[in-house]
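Residues in the sequence shown are numbered consecutively from 118, following our numbering.
Even for Gly, the Cβ is constructed at its ideal location relative to N, Cα and C.
Given the structure is predicted, the values throughout are model-derived calculations rather than measurements.
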Amino acid sequence: MALTRSRHRRNVWLGVLALTSVVVVIFAHDVSTIAHQATSVRASENSSFVTLADSLISSENALDTNVVSLVEGTGASTRMNLLIELRVLNAQLASLDARASLLPGPSVGGGLDRQLAVMTRSRVVAYGDILAYVAGNLTLPWTTPPPPSVGVAQATLLSSADSWGALRHRLESSPGGGTLSSLSSALGSLNLPQALSSLNSRSAFVLTRQFSIAALEVQPSPLQAPRGTLSMPPVPSMSVTAALDNNAVDTQDLVVTFTLTLSTGRSLSATRSAIIGPLNSVGLSPVVLPLAAGETGRLTVTATGNGLTRSRTYALVVAPNVPLSLG
118 MALTRSRHRR NVWLGVLALT SVVVVIFAHD VSTIAHQATS VRASENSSFV
168 TLADSLISSE NALDTNVVSL VEGTGASTRM NLLIELRVLN AQLASLDARA
218 SLLPGPSVGG GLDRQLAVMT RSRVVAYGDI LAYVAGNLTL PWTTPPPPSV
268 GVAQATLLSS ADSWGALRHR LESSPGGGTL SSLSSALGSL NLPQALSSLN
318 SRSAFVLTRQ FSIAALEVQP SPLQAPRGTL SMPPVPSMSV TAALDNNAVD
368 TQDLVVTFTL TLSTGRSLSA TRSAIIGPLN SVGLSPVVLP LAAGETGRLT
418 VTATGNGLTR SRTYALVVAP NVPLSLG
């Protein structure tokens with residue numbers, strides 16, 4: 118009986134030990150699985166960040182290169198092409214900023230994702246200031262006023278490129294990580310005032326302001342008459358408007374004066390103003406000038422702006438009233 122009890126106790130202990138071993142094995146397996154899953158998640162996060170970061174940096178470096186090319190005079194052949202390219206680059210800044218906001222993830226090593234996002238936003242602001250400075254220096258129409266200097270903006274590009282140079286190796290030994298691309302500092306180290314002075318001296322980029330009075334419209338329609346003469350029916354007034362062409366790569370503020378001088382000594386005038394974009398046209402709102410049957414005189418349309426004047430003069434003949442025949 119004692120032997121039976123002893124065997125029973127031994128069997129119980131063996132069962133407990135076996136169960137404990139199974140629990141330990143299962144626990145170890147679970148721990149290993151959780152650790153592997155955590156590593157996989159971290160590797161996935163790091164890998165996604167590396168892909169996004171390198172793509173963003175590549176786009177930013179391309180923008181940096183393109184700005185340098187434009188300022189050094191190799192990226193555009195005419196003043197208008199230069200303006201178009203600058204505007205394209207300026208539009209890309211919003212895209213860079215939006216892509217930077219996608220960088221932060223829940224487990225990227227050392228918060229590198231957030232650091233690059235903040236760094237990119239500061240560089241976007243710096244690039245915007247530099248583009249405004251370039252446009253202002255070349256008297257190109259721009260959406261924001263130029264900063265007084267670009268020293269701060271260029272310093273931001275240089276310091277951020279240096280800081281990133283140390284940070285970009287941080288994920289080399291991490292799961293899913295790698296060495297990230299470097300940030301360009303070419304624009305930050307460029308002597309911008311000197312480069313822009315050289316660009317301004319080239320004939321293709323010199324600002325030449327030109328505008329013209331493209332056409333005149335008179336209502337009611339004039340009667341048939343020799344060129345340069347407005348032969349009007351006997352009406353109490355006429356409506357006159359003008360179309361203007363801006364032939365310069367610059368926004369121009371123009372004032373147009375319509376002056377009616379009559380043979381009786383009477384003189385009337387009205388003005389309209391217009392802001393015309395580069396290589397663009399605009400039609401003015403009409404002015405109404407009173408007339409009297411049988412009058413003669415002249416109509417002069419004068420456009421002025423930026424020290425330039427353009428004018429057109431027409432002889433004016435208003436037909437007399439024809440009495441009704443009673444026969």
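Please report how far the alpha carbon of residue i lies from the alpha carbon of residue j, in whole angstroms.
| i | j | result |
| --- | --- | --- |
| isoleucine 201 | alanine 312 | 19 angstroms |
| valine 439 | leucine 340 | 15 angstroms |
| aspartate 279 | alanine 272 | 11 angstroms |
| serine 354 | arginine 427 | 25 angstroms |
| valine 372 | glycine 424 | 11 angstroms |
| threonine 168 | leucine 300 | 15 angstroms |
| serine 175 | aspartate 181 | 10 angstroms |
| asparagine 364 | alanine 331 | 11 angstroms |
| arginine 231 | threonine 419 | 59 angstroms |
| alanine 234 | asparagine 178 | 15 angstroms |
| threonine 256 | asparagine 397 | 17 angstroms |
| leucine 316 | threonine 296 | 38 angstroms |
| serine 338 | methionine 349 | 8 angstroms |
| valine 148 | arginine 287 | Reliability of the predicted coordinates at valine 148 is poor, the pLDDT of 41 falling under 50, and the value obtained from them is presented with this limitation in mind. Going by the C-alpha atoms only, they are around 27 angstroms apart. |
| phenylalanine 322 | serine 291 | 51 angstroms |
| proline 110 | valine 352 | No answer is possible for residue 110: the residues shown for the chain start at 118 and end at 444. |
| valine 142 | alanine 283 | Note that valine 142 has pLDDT 45, beneath the 50 cutoff, so the model's placement of it is unreliable and no number is given. |
| leucine 199 | glycine 192 | 8 angstroms |
| aspartate 246 | serine 356 | 46 angstroms |
| serine 186 | serine 306 | 14 angstroms |
| asparagine 308 | valine 404 | 51 angstroms |
| alanine 320 | leucine 304 | First, the residue type needs correcting, since residue 320 is serine and not alanine in the sequence shown. Approximately 24 angstroms between the Cα atoms of the pair. |
| leucine 379 | threonine 261 | 47 angstroms |
| glutamate 189 | leucine 385 | 53 angstroms |
| leucine 416 | alanine 387 | 11 angstroms |
| threonine 430 | serine 329 | 14 angstroms |
| valine 399 | serine 314 | 33 angstroms |
| proline 437 | alanine 410 | 5 angstroms |
| threonine 325 | aspartate 171 | 43 angstroms |
| alanine 215 | valine 241 | 11 angstroms |
| aspartate 370 | tyrosine 244 | 29 angstroms |
| alanine 432 | glycine 345 | 6 angstroms |
| glutamine 154 | alanine 270 | Residue confidence is low: glutamine 154 scores 44 on pLDDT, short of 50, so the model does not pin down where it sits. Its coordinate-derived value is still stated next. Distance between the alpha carbons of glutamine 154 and alanine 270: 44 angstroms. |
| aspartate 367 | threonine 195 | 13 angstroms |
| serine 212 | glutamate 289 | 28 angstroms |
Between the Cα of residue i and the Cα atoms of the options, which residue gives the shortest distance?
| i | options | result |
| --- | --- | --- |
| asparagine 183 | Val167, Asn207, Asp171 and Glu162 | Asn207 |
| glycine 422 | Leu219, Asp362 and Val167 | Asp362 |
| isoleucine 392 | Leu297, Leu408 and Leu401 | Leu401 |
| valine 205 | Trp259, Asn254 and Ala420 | Trp259 |
| proline 263 | Leu274, Thr256, Ala270 and Ala249 | Ala249 |
| leucine 434 | Leu199, Thr381, Ser320 and Gly228 | Reading off the sequence, residue 434 comes out as valine, not leucine. The shortest C-alpha separation from valine 434 is found at Thr381. |
| leucine 275 | Ser239, Val404 and Val251 | Ser239 |
| asparagine 254 | Ala170, Ser318, Ser306 and Ala387 | Ser318 |
| leucine 463 | Leu347, Arg326, Gln327 and Pro343 | Residue 463 is absent from the structure shown; the chain starts at 118 and stops at 444. |
| serine 298 | Ala160, Leu173, Ser164 and Ser390 | Leu173 |
| threonine 413 | Arg383, Ser390 and Gly394 | Arg383 |
| proline 221 | Leu210, Met236 and Gln209 | Met236 |
| alanine 217 | Ala360, Phe375, Phe166 and Leu377 | Phe166 |
| glycine 458 | Gln327, Leu408 and Ser164 | The displayed coordinates of the chain run from 118 to 444. Any statement about residue 458 would go beyond what the structure contains. |
| leucine 377 | Leu408, Ala359, Arg389 and Ala360 | Leu408 |
| valine 225 | Ser390, Ala360, Arg285 and Ala252 | Arg285 |
For residue i, write down the residues that DSSP places opposite it in a beta bridge.
| i | result |
| --- | --- |
| valine 405 | Ser356 |
| valine 242 | DSSP lists no partner for valine 242. |
| threonine 426 | Thr421 |
| threonine 413 | Val434 |
| alanine 391 | Leu371 |
With a threshold of 7 angstroms, establish whether the CB of residue i neighbours any heavy atom of the ligand SAM.
| i | result |
| --- | --- |
| glycine 414 | This structure does not include the ligand SAM; it has no bound ligands of any sort. |
Note the first and the last residue of the continuous beta strand (DSSP E) segment covering residue i.
| i | result |
| --- | --- |
| glycine 295 | Note, glycine 295: premise wrong, no beta strand (DSSP E); not H, not E. |
Could you tell me the boundaries of the alpha helix (DSSP H) in which residue i lies?
| i | result |
| --- | --- |
| glycine 400 | Premise fails: glycine 400 lies in the beta strand (DSSP E), 398-400, not in any alpha helix (DSSP H). |
| asparagine 94 | There is no way to answer for residue 94, as the model of the chain reaches only from 118 to 444. |
| tryptophan 281 | 268-284 |
| serine 306 | 303-306 |
Requested in this report: Starting from the N-terminal side, write out each stretch of the beta strand (DSSP E) that is 3 residues or longer and does not extend beyond the region 310-386.
Outcome: 328-336, 346-349, 354-363 and 369-379
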